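K.L.:
One structure, pasted below without further comment.
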Amino acid sequence: MSSAQRPIPEWKKKMVDEIKRYLRSYRYVLVADLYKVRAAQLQELRRSLRGRAEIKVLKNTLFSRAIDGLDGQREGLEGLKEYLRGQNIFIFTNENPFSMARAIDQFKVRVVPSPGDVATNDIIIPAGNTGLPPGPIISTFSSLGVPTRIEAGSIWVSKDTIVARKGDT
Numbered sequence: 008m009s010s011a012q013r014p015i016p017e018w019k020k021k022m023v024d025e026i027k028r029y030l031r032s033y034r035y036v037l038v039a040d041l042y043k044v045r046a047a048q049l050q051e052l053r054r055s056l057r058g059r060a061e062i063k064v065l066k067n068t069l070f071s072r073a074i075d076g077l078d079g080q081r082e083g084l085e086g087l088k089e090y091l092r093g094q095n096i097f098i099f100t101n102e103n104p105f106s107m108a109r110a111i112d113q114f115k116v117r118v119v120p121s122p123g124d125v126a127t128n129d130i131i132i133p134a135g136n137t138g139l140p141p142g143p144i145i146s147t148f149s150s151l152g153v154p155t156r157i158e159a160g161s162i163w164v165s166k167d168t169i170v171a172r173k174g175d176t
C-alpha cells in the first residue's frame with residue numbers, strides 16, 4: 008500500500024520564502040521562548056522594538072525549513088535548530104544582539120505558577136523563619152517533605168529543602 012504525499016500548502020511555501028528573505032537581510036536572529044507570555048506583553052515588546060527589529064511568531068518547522076533552504080548561505084544558523092522547542096518568537100535585527108537581549112529582558116515578569124506548570128528550575132524552600140503562625144499550614148509543609156519546627160510563635164524551616172526539580176510538573 009503506497010501513501011500519496013499531499014502537496015505543500017501555498018501559504019507554507021510563501022512563509023518559508025519570507026523567512027529566508029529575513030535571514031538574508033538581517034545580521035542577527037534571536038529566538039525567545041513564548042511560554043506563559045501574555046499577548047499584552049508581546050504587543051508591548053513589538054511596540055518598543057518597532058523600527059529596530061522584525062518580530063515574528065513562526066512555526067519551528069517552517070523556520071527550520073527556511074534554514075535548510077538557504078543551503079549554507081548563512082553560517083551558524085544550523086545551530087539554532089536545537090533551540091526550536093515549544094512556541095518561540097523570532098526577532099530579526101541588525102542591531103547589537105546583546106543590547107537587543109537586554110531590551111527584551113526588561114519585559115520579563117514573574118508569574119504565579121498554576122497547577123500543571125513545568126518547573127523551569129529547582130524550587131527550594133530555604134531554611135529559616137517563614138513568618139507564619141503555627142496552624143494547618145504545618146500539614147502542607149509536612150506533605151511536601153519540608154522539615155519544620157515551632158520557635159518563638161512561628162514556623163521555622165529546619166533545612167533547605169528541594170520541593171520540585173527542574174522539569175517536574
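Take 8 as the starting number for the sequence shown in the working numbering and just add one per residue.
Even for Gly, the Cβ is constructed at its ideal location relative to N, Cα and C.
Bear in mind that the values here come from a model prediction, so they are computed numbers and not experimental data.
Here's the rule I'm using: 16 or more other beta-carbon atoms within 10 Å means buried, otherwise exposed. How should valine 36 be labelled?
P.N.:
Under this definition valine 36 is a buried residue.
K.L.:
Could you name the residues of the same chain whose beta carbon sits closer than 8 Å to that of glutamate 102, not counting the 5 residues immediately before and after it, in chain order?
P.N.:
Cβ neighbours of glutamate 102 beyond the five flanking positions: Tyr35, Arg59, Ala60.
K.L.:
Is it right to say threonine 68 is buried, meaning 16 or more other beta carbons lie within 10 angstroms of its own, or is it exposed?
P.N.:
With fewer than 16 other Cβ atoms within 10 Å, it is exposed.
K.L.:
Out of Arg45, Leu77, Leu41, which one is the CA nearest neighbour of valine 23?
P.N.:
Measuring from the Cα of valine 23, the nearest candidate turns out to be Leu77.
K.L.:
Distance, Cα to Cα, arginine 117 vs leucine 151?
P.N.:
If I take the Cα positions, the gap works out to 23 Å.
K.L.:
Output the distance between the C-alpha atoms of arginine 13 and glycine 86, rounded to the nearest integer angstrom.
P.N.:
Going by the C-alpha atoms only, they are around 29 Å apart.
K.L.:
Taking just the CA atoms, how far does isoleucine 111 sit from glutamine 48?
P.N.:
Their backbone Cα atoms lie some 11 Å apart in a straight line.
K.L.:
Rounded to whole angstroms, what's the CA-CA distance from phenylalanine 114 to alanine 11? Just pull it up for me.
P.N.:
About 46 Å.
K.L.:
Please look up how many angstroms separate the CB atoms of threonine 127 and isoleucine 162, rounded, as I've assumed it's under 8 Å.
P.N.:
With a Cβ gap of about 27 Å, threonine 127 and isoleucine 162 do not count as contacting.
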